[in-house]
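Mapping the sequence shown onto our numbering, position 27 (from 1) lands on 59, and the numbers just tick up by one. Ideal placement from N, C-alpha and C gives every residue a C-beta, glycine not left out.
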Amino acid sequence: MPGTRLQTPSFSRLSAVSRRRFLQGSAAVMASLAATNCRQNLAGPPAGGGANDGTLHIYTWANYTDDGLAQAFTERTGIPVVVDIYDSNEVMLTRLQAGGGDAYSIIYPSDYMVSEMLELDLLTELDQSRLTGLENLRAQWSNPAYDPNNAHSVPFCWGTTGLLYNREASPGEPTDWDFLWDNQAKLSRRITMLDDMRETLGATLKSLGYSYNSNNLAEIEAAYNRLLELRPHIAAFKTTGFENELLSGDLSVSMAYSSDAIALTLEDDRMQYIIPASGASLWTDTLAIPATAPNVDAAYQWINFLLEPEVASAAVERLFFATANQAAFDLLPAEIQNNADLYPSDEILAKSEGIVAVNTASTDLFDQFWTEVTSA
Numbered sequence: 033m034p035g036t037r038l039q040t041p042s043f044s045r046l047s048a049v050s051r052r053r054f055l056q057g058s059a060a061v062m063a064s065l066a067a068t069n070c071r072q073n074l075a076g077p078p079a080g081g082g083a084n085d086g087t088l089h090i091y092t093w094a095n096y097t098d099d100g101l102a103q104a105f106t107e108r109t110g111i112p113v114v115v116d117i118y119d120s121n122e123v124m125l126t127r128l129q130a131g132g133g134d135a136y137s138i139i140y141p142s143d144y145m146v147s148e149m150l151e152l153d154l155l156t157e158l159d160q161s162r163l164t165g166l167e168n169l170r171a172q173w174s175n176p177a178y179d180p181n182n183a184h185s186v187p188f189c190w191g192t193t194g195l196l197y198n199r200e201a202s203p204g205e206p207t208d209w210d211f212l213w214d215n216q217a218k219l220s221r222r223i224t225m226l227d228d229m230r231e232t233l234g235a236t237l238k239s240l241g242y243s244y245n246s247n248n249l250a251e252i253e254a255a256y257n258r259l260l261e262l263r264p265h266i267a268a269f270k271t272t273g274f275e276n277e278l279l280s281g282d283l284s285v286s287m288a289y290s291s292d293a294i295a296l297t298l299e300d301d302r303m304q305y306i307i308p309a310s311g312a313s314l315w316t317d318t319l320a321i322p323a324t325a326p327n328v329d330a331a332y333q334w335i336n337f338l339l340e341p342e343v344a345s346a347a348v349e350r351l352f353f354a355t356a357n358q359a360a361f362d363l364l365p366a367e368i369q370n371n372a373d374l375y376p377s378d379e380i381l382a383k384s385e386g387i388v389a390v391n392t393a394s395t396d397l398f399d400q401f402w403t404e405v406t407s408a
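Below you can see the structure in the form of structure tokens.
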């Protein structure tokens, strides 16, 4: 209810709810959510379009909503929630371009994907008069370069991309991306990289001293060749699903988003997350309304709900992502505010960079090289 703080576990190792547990317990979660008019669909989006049946259909990353969040929204508004999951921006974009845009009223594109979707006219221009709580955003997200004045999206959360490793299974303590190449023989078939073109090729670019967002075709080709060198030693390209193997020691190191990595470090003391010293991806995931959304009214209510400081801070405590909401940050316990994995130092952030849309020639080369690497 308005003004009532959602009950959450403390931010501790014992209470951590990792994406690994979320996926393992999906059957139980599904049963629970069905009883509260909320559903997490981990099998993929529905085949048909989305006539407005009064339900809010959401397409998002895993672990960005949970039954507590959706149930609180339903109790507040009377609107049932259905959540479908994707594991990369490109999967989401492909789904929308294939006609799935009329199935969803809320999506969670990352910063660079917002720019790409704007060029394709896939997003609704937001009516700022229908939004409440934009003043709660941290200063750096009040007018982001990827979407000036948040005209088509609202920042939801942010984080970094780095290396998550098992202290007992790793041949050493990584400090930078070079660790993977310097130790490739010892790490052979014990590495996973993100199944994300811009992230993985971007990290490889960074390891060579180049920008994640290089438009230099020679630099992109150099990154491709370097990643191809490492390819025989990569067990898999995975955005999710690496956690059990990392915990068991079958994997030594996984490239991971900070939100996933932190959950695992809280669950098991052997797990350690590092932001590479040369810099990493600094990502922002947003809330946006597709241009063909079937339930725009519900979409605005969902965005306003998540902009409420009490709601946003409670979600941080349960789901382990960094909030772009300053008022929500101010409500967090000191141990979360001071968690360097969640909120890195200014020195580390200065070396990191957000992923932005590159030019057409670079995009085509990224696509070509990514296809070749992942199919090798």
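Given residue i as reference, the closest of the options once Cα atoms are compared
i: LEU88; options: PHE398, ASP208, TYR118, ALA135; result: ALA135
i: LEU154; options: SER174, SER185, GLU261; result: SER185
i: GLU231; options: TYR178, TYR289, ALA346; result: TYR289
i: ALA382; options: GLU340, PRO341, GLU404, ALA309; result: ALA309
i: TYR178; options: THR106, ILE335, SER407, SER147; result: SER147
i: LEU166; options: ALA183, LEU152, GLN304; result: ALA183
i: GLY234; options: TRP209, ASN276, ILE117; result: TRP209
i: PHE269; options: GLN333, MET225, LEU101; result: MET225
i: TRP190; options: GLN304, LEU298, ASP300, TRP93; result: TRP93
i: ALA133; options: THR406, ILE380, PRO326, ALA344; result: It should be noted that the sequence gives Gly, not Ala, for residue 133. Ranking THR406, ILE380, PRO326, ALA344 by Cα distance to GLY133 puts PRO326 first.
i: TYR244; options: MET287, LEU128, ALA312; result: ALA312
Supposed contact pair residue j and residue i - C-beta distance, whole angstroms, cut 8 Å
i: HIS265; j: SER202; result: With 8 Å as the limit, HIS265 and SER202 do not qualify as a contact, their Cβ atoms being about 14 Å apart.
i: THR316; j: SER142; result: 7 Å
i: VAL123; j: ILE90; result: Not really, about 15 Å apart at Cβ, beyond 8 Å.
i: ARG108; j: PHE337; result: 7 Å
i: PRO187; j: THR318; result: 5 Å
i: ALA267; j: ARG222; result: 6 Å
i: PHE398; j: MET229; result: 6 Å
i: ILE139; j: PRO322; result: 6 Å
i: PRO376; j: ALA359; result: Actually they do not touch by this definition, with Cβ atoms about 21 Å apart.
Residue i, buried or exposed, once every other Cβ within 10 Å from all chains shown has been counted against 16
i: THR126; result: exposed
i: VAL61; result: Any reading at VAL61 must be qualified, since the residue scores a pLDDT of 29, below 50, and its modelled position is unreliable; the value itself is stated next. So VAL61 ends up on the buried side.
i: LEU314; result: buried
i: ASN215; result: buried
i: THR164; result: exposed
i: GLY131; result: exposed
i: THR403; result: exposed
i: GLY241; result: exposed
i: THR271; result: buried
i: GLY86; result: exposed
i: ASN121; result: buried
i: ASN198; result: buried
i: THR193; result: buried
Residue-chain proximity (residue i, chain C), Cβ-Cβ < 7 Å
i: ILE111; result: As a matter of chain content, chain C is missing from the structure shown, which is built from one protein chain.
Sheet register partners of residue i (DSSP bridge)
i: HIS89; result: VAL114
i: VAL285; result: TYR197, ILE223
i: PRO322; result: LEU155
i: PRO187; result: THR318
i: GLN304; result: TYR197
i: PHE269; result: MET225
i: ALA354; result: TRP190
i: LEU169; result: ASN357
Cβ contact (3+ pairs, closer than 8 Å) linking the stretch 201-216 and the stretch 374-394 = Short answer: they don't touch.
Does the stretch 348-355 touch the stretch 366-374, meaning 3 or more C-beta pairs lie closer than 8 Å?
-> yes
Counting pairs of beta carbons, one from the stretch 254-261 and one from the stretch 275-285, are three or more of them closer than 8 Å?
-> The answer is no - the stretch 275-285 does not touch the stretch 254-261, with fewer than three Cβ pairs under 8 Å.
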